[in-house]
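To start, the structure itself, in structure tokens.
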Amino acid sequence: MTTKEAFMPEEKSPQRQTCETLFGSMLKQDWATFETCLDDNVFYRVGSGSSVEGKQAVTDFLKSLYTQVTMQPPDVRQVLDMPEKDQVIFEFEAHYLRLSDNKIVNFACTDVLRMNGDKIKEWRVYVDMSPLYQD
């Protein structure tokens, strides 16, 4: 078995499907679908910022962020789909439209999503958001 086969199997796990539904719902700002992907007590943290806990708190956090930016389709570099470890890792280039000046800003990003069945119980985002605040 190659490394690619081990980490990127042809058939997507239910956990990966949940994560892809989550990201798709973020693009559409479809918060009802977004929340179906989250465990009730989900833990969410961006970088070294404060953590947010609970489905509604995570939704509110992102809704607040989306008053400043609009998510654009990302360029996914790699997905590590590890159902035996109940986690999925996405490495991607995130693109956002900054609403204050209609400028596209880009971030290198890695999201680690740990699962409870087909729900996300822990979501850690490793990103440098400084481009959002630069001219």
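Every number in the working numbering is 56 more than the matching position in the sequence shown, counting from 1.
Glycine included, C-beta positions come from ideal geometry on N, C-alpha and C.
Pull up the CB-CB distance for residue i and residue j, whole angstroms please, since I reckon it's below 8 angstroms.
i	j	result
PRO70	ASP174	5 angstroms
VAL132	LEU153	No, VAL132 and LEU153 are not in contact; Cβ-Cβ is about 19 angstroms, not under 8 angstroms.
THR187	PHE148	In the sequence as displayed, the identity of residue 187 is Pro instead of Thr. No, PRO187 and PHE148 are not in contact; Cβ-Cβ is about 15 angstroms, not under 8 angstroms.
LEU94	LYS111	5 angstroms
ARG180	ASP137	The Cβ separation is near 17 angstroms, so there is no contact.
By Cβ distance below 6 angstroms, which residues in the same chain neighbour residue i in space, the five residues on each side in sequence not counted?
i	result
GLU178	PHE99, ARG170
THR74	CYS93, ASP174
Between the Cα of residue i and the Cα atoms of the options, which residue gives the shortest distance?
i	options	result
GLY103	ILE176, CYS165, TYR189	CYS165
TYR182	ILE160, ASP157, ILE145	ILE145
LEU155	ASP142, MET127, ASN172, GLN134	MET127
ASN97	MET185, LEU121, ILE176	ILE176
VAL161	GLU140, GLU76, TYR189	TYR189
LEU122	THR74, HIS151, SER106, GLU140	What sits at residue 122 in the sequence shown is Tyr, not Leu. If we check each option's Cα against that of TYR122, HIS151 comes out closest.
GLY80	GLN143, ASP184, ARG101, PRO130	PRO130
Which residues does DSSP pair with residue i in a beta bridge?
i	result
MET164	According to the sequence shown, residue 164 is Ala rather than Met. GLU149, per the DSSP bridge assignment.
MET127	TYR152
LYS141	The partner list for LYS141 (beta bridge, DSSP) is empty, contrary to what the question assumes.
GLN134	GLU147
ASN158	Answer is none; ASN158 lacks a bridge partner.
LEU169	VAL144, TRP179
Terminal residues of the continuous beta strand (DSSP E) containing residue i?
i	result
ASP95	94 to 102
LYS177	175 to 183
Starting from the C-beta of residue i, find all residues in its chain whose C-beta is less than 7 angstroms away, skip the five residues before and the five after it, and write them out in chain order.
i	result
THR115	TRP87, PHE90, GLU91
ASN172	ASP95
Considering just the uninterrupted stretch of the alpha helix (DSSP H) at residue i, what are its terminal residues?
i	result
PRO70	70 to 84
GLN112	111 to 121
I'd like the list of long-range same chain contacts for residue i, defined as Cβ closer than 8 angstroms, with 5 residues on each side in sequence excluded.
i	result
LYS68	GLU76, ASP137
ASP142	GLN71, ARG170, MET171, ASN172
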